[in-house]
Amino acid sequence: MLTLLEAAHWAPSSGNNQPWRFIYARRETAEWPGLLDLLTPGNQRWAKNAAALVIFVSKTFRVATDGSRKPAYTHAFDTGAAWFSLAAQAMRLGFHAHGMEGVDRDKAMAVLGIPEGYRVEAAAAIGRIAPASTLPDDLASREAPSQRRPLSEVAFAGRFRSED
Ligand SMILES: Cc1cc2nc3c(=O)[nH]c(=O)nc-3n(C[C@H](O)[C@H](O)[C@H](O)COP(=O)(O)O)c2cc1C
325 MLTLLEAAHW
335 APSSGNNQPW
345 RFIYARRETA
355 EWPGLLDLLT
365 PGNQRWAKNA
375 AALVIFVSKT
385 FRVATDGSRK
395 PAYTHAFDTG
405 AAWFSLAAQA
415 MRLGFHAHGM
425 EGVDRDKAMA
435 VLGIPEGYRV
445 EAAAAIGRIA
455 PASTLPDDLA
465 SREAPSQRRP
475 LSEVAFAGRF
485 RSED
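Residues 325 to 488 (our numbering) make up the sequence shown, in order.
In structure tokens form, the structure reads like this:
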């Protein structure tokens, strides 16, 4: 867990602002039930078997020299970099990290004591990949390699190209 969080916090960020915050729990610890409970019921069904959960939070502002708050334009982009740094480190160590948008964000703000000005971005479940046969049938059937759009639909030389 320490190695994963270390990797996450070495991500690059605009102005080295480091807007990410990580709230984590390992399974079978006092913190685990509280974090698991923040996931949508659909995510709890499988994430309950993970080894650890991380909630990714970003700080949406910077404090200027005059003490005022200025929006940190890239807070979500930077925190996304931290999430993937954690995910890549997890893969390197033989684990897997599964991102989850399905988090009750309002509840997370309240339960985790996250102050105003911070945004709950997403969560991740981390563990070793188990055989699909350990999942309920409807979830097991989803365990197929995912695809991606052709690169030509998302990467453009020089100018945006709309789909229409
Ligand atoms: C930010 C983010 C949020 C996601 N939210 C969920 C989620 O709430 N529940 C879920 O089962 N999978 C979730 N996923 C997993 C994606 O559906 C999955 O990464 C995508 O379909 C591509 O599949 P792959 O990761 O196997 O390549 C999320 C992934 C990311 C990166």
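Ideal placement from N, C-alpha and C gives every residue a C-beta, glycine not left out.
{"query": "Would you list the residues sitting across from ARG350 in a DSSP beta bridge?", "result": "ALA376"}
{"query": "Just verifying my parser: in three-state terms, what is the DSSP assignment at ARG483?", "result": "coil"}
{"query": "Would you check if the stretch 473-485 and the stretch 444-451 touch, i.e. whether three or more CB-CB distances between them fall below 8 angstroms?", "result": "no"}
{"query": "In the DSSP assignment, what are the bridge partners of MET424?", "result": "ALA447"}
{"query": "Taking the alpha carbon of ALA432 as the point to measure from, which residue in GLY339, ALA479 and THR364 has its own alpha carbon closest?", "result": "THR364"}
{"query": "Would you mind stating whether GLY451 and ALA375 have Cβ atoms separated by less than 8 angstroms?", "result": "yes"}
{"query": "Return the CA-CA distance between GLN342 and ASP402, expressed in angstroms with no decimal places.", "result": "7 angstroms"}
{"query": "Report the residue from GLY358, ASP461 and ARG350 whose alpha carbon sits nearest the alpha carbon of GLY437.", "result": "GLY358"}
{"query": "Based on the DSSP output, what are the partners of TRP370 in its beta bridges?", "result": "Answer is none; TRP370 lacks a bridge partner."}
{"query": "Just to confirm my understanding: we take PRO336, look at its own chain, exclude 5 residues before and 5 after, and list those with CB closer than 8 angstroms. What are they?", "result": "ASP402 and ALA405"}
{"query": "If you count every other CB in all the chains shown that lies within 10 Å of the CB of ILE347, and 16 or more means buried, which is it?", "result": "buried"}
{"query": "For ARG429, I'd like the list of residues in its chain whose CB is within less than 7 angstroms of its CB, leaving aside the five on either flank, ordered along the chain.", "result": "VAL444"}
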